[in-house]
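Let me begin by presenting the structure, written as structure tokens, before commenting on it.
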Amino acid sequence: RSCEKNFFFFTLTEITDCSKFQISIKNFNIITNFQVNQLPWNEQYDGIRAETSLIKDQLLWCNSNGFLTINSQPSVNGAPSTDPFVGWGKPGGYCYQKAYLEFFTSQANAEILWNLLPSYSRLNCHIVNHDATIDWTNTETTMPIAVTWGVFPGSEIAQPTVVDPLSFRVWKDEAFGAWLNWSSIYAEGTSSRCLLEKIYNEYCLVTLVDNDYPKSTIIFDCLAQLVNKNFGKIL
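Per UniProt numbering, the very first residue in the sequence shown carries number 1; after that it's consecutive.
Right, here's the structure in full:
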């Protein structure tokens with residue numbers, strides 16, 4: 001609740017207001033009147049990660065089209081461990097990662113996405129809502145997916161990040177809870193509180209992993225097709 005003061009005066013009346021808030025953060029802008037420089041789901045207090053700048057335009061597009069992104073990474077195929085954007089680990093190594101996107105979206109969008117997935121066999125997807133009455137995945141229900149790994153001199157392959165369906169089901173409680181925490185700083189009956197509670201009750205949390213990391217990701221192509229099916233309308 002440390003961010004209560006920061007978020008209090010940001011009035012929300014419709015979903016596009018949440019989109020504008022997300023876009024401002026992803027544009028590397030601190031909302032100066034409110035001293036907000038992070039989203040409720042982020043642990044970093046110093047802005048977004050350097051690698052996010054590599055897919056900034058795509059993330060801005062997502063948040064302008066009804067996909068409220070909370071986590072992401074670009075694909076990487078053998079970047080030096082000293083790379084200023086995607087490098088990590090000790091010098092002399094090489095880094096790899098699969099493109100990944102995590103976002104909230106309406107149940108209507110989630111249903112369309114689910115029906116599109118057979119045409120995107122490279123993508124693994126997991127969709128849940130706040131009470132798990134929706135829990136859809138096109139992968140093994142308990143099998144983690146490696147999304148970041150590195151090869152370093154004199155070392156075993158390092159695998160610091162996985163997408164784990166079991167952990168995701170636990171994480172969704174905290175992720176959805178952030179909407180209620182945010183809503184609690186507004187008075188009952190206000191437009192801001194009603195909107196945030198609506199998102200909690202009616203939206204889904206989605207993860208997408210593109211397994212073909214040597215190629216340009218098709219995650220955003222899939223979402224663009226979804227938007228086209230909506231005739232550009234934000235659902």
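For glycine and all other residues, C-beta sits at the position ideal for the given N, C-alpha and C.
Treat the numbers as computed from the prediction; the structure is a model and nothing was measured.
| said: On the DSSP bridge list, what partners appear for Glu102? | reply: Its beta-bridge partners are Asn71, Thr207.
| query | Okay, do the region 189-209 and the region 122-130 touch, 3+ Cβ pairs below 8 Å being the bar? | reply | A contact between stretches requires three or more CB pairs, one per stretch, nearer than 8 Å, and the region 189-209 meets this requirement with the region 122-130.
| message | Going by C-alpha to C-alpha distance, which of Pro118, Asn230, Pro144, Lys56 sits closest to Asp164? | response | Here the closest residue by C-alpha is Pro144.
| task | Would you kindly work out how many angstroms separate the C-alpha atoms of Thr161 and Ser106, rounded to a whole number? | result | In a straight line, the C-alpha of Thr161 is about 27 Å away from that of Ser106.
| Integer Cβ distance of Gly150 from Tyr96, believed to fall under 8 Å | Rounded, the Cβ-Cβ distance is 7 Å, consistent with contact.
| query | Quick one, which of Gly154, Ser119, Thr16 has its alpha-carbon nearest residue 236's? | reply | No answer is possible for residue 236: it lies beyond the span of the chain, which begins at 1 and ends at 235.
| task | Please look up how many angstroms separate the CB atoms of Ala99 and Tyr213, rounded, as I've assumed it's under 8 Å. | result | That belief holds up - the Cβ atoms of Ala99 and Tyr213 are roughly 7 Å apart, short of 8 Å.
| Inter-residue CB distance, Val86 and Glu51 (contact presumed, cutoff 8 Å) | Rounded, the Cβ-Cβ distance is 5 Å, consistent with contact.
| Contact under 8 Å by Cβ, Leu101 with Ser72 | A distance below 8 Å separates the beta carbons of Leu101 and Ser72.
| said: So within the region 76-149, which uninterrupted alpha helix (DSSP H) runs reach at least 4 residues, ignoring any that extend past its ends? | reply: Within the region 76-149, the complete alpha helix (DSSP H) runs of at least 4 residues are 107-116.
| request: Could you give the DSSP three-state label for Thr13: helix, strand or coil? | output: Looking at Thr13 - three-state DSSP - the assignment turns out to be coil, as it is neither helix nor strand.
| query | Per DSSP, what kind of secondary structure is Ala178 in: helix, strand or coil? | reply | Residue state, collapsed to three classes: helix.
| task | Leaving out five residues on either side along the sequence, give the residues of the same chain with a beta carbon under 7 Å from the beta carbon of Ala158. | result | Here the set comprises Gly89, Trp149, Gly150, Phe152.
| request: Using three-state DSSP, classify Thr52 as helix, strand or coil. | output: Helix, per DSSP.
| request: Since I believe Trp179 is in contact with Ile199 (beta carbons under 8 Å), could you give me their beta-carbon distance rounded to a whole number of angstroms? | output: Their Cβ separation, rounded to whole angstroms, is 5 Å, which keeps Ile199 and Trp179 in contact under 8 Å.
| query | beta strand (DSSP E) containing Ala158: first to last residue? | reply | In the DSSP assignment, Ala158 falls within the beta strand (DSSP E) that extends over 158-163.
| said: What does the Cβ neighbour count give for Leu196, buried or exposed, with the cut at 16 atoms within 10 Å? | reply: Classification for Leu196: buried.
| Where Arg169 and Thr190 are concerned, what is the direct C-alpha to C-alpha distance, given to the nearest angstrom? | Approximately 30 Å, taken between the alpha carbons.
| message | Going by the DSSP bridge assignment, what does Val151 pair with across the sheet? | response | Bridge partners of Val151: Tyr94.
| query | Starting from Lys198 and walking both ways along the alpha helix (DSSP H), at which residues does that stretch end? | reply | Looking at the DSSP string, the run of the alpha helix (DSSP H) that includes Lys198 is 191-202.
| said: Suppose the cutoff is 7 Å on Cβ atoms and the five residues either side in sequence are ignored; what does the same chain contact list for Trp114 look like? | reply: Hits under 7 Å: Ile127, Trp136.
| said: Against chain C, with Cβ distances strictly below 8 Å, would Leu60 count as a contact? | reply: Among the protein chains of the structure shown there is no chain C, as only one such chain exists.
| request: Run the CB neighbour count on Ala187, radius 10 Å, all protein chains shown included, and call it buried at 16 or more, exposed below. | output: By the 16-neighbour rule on beta-carbons within 10 angstroms, Ala187 is exposed.
| Which one of Ala132, Asn138, Ala175, Thr133 has the shortest CA to CA distance from Phe104? | Looking at the Cα atoms, Ala175 is the closest of the given residues.
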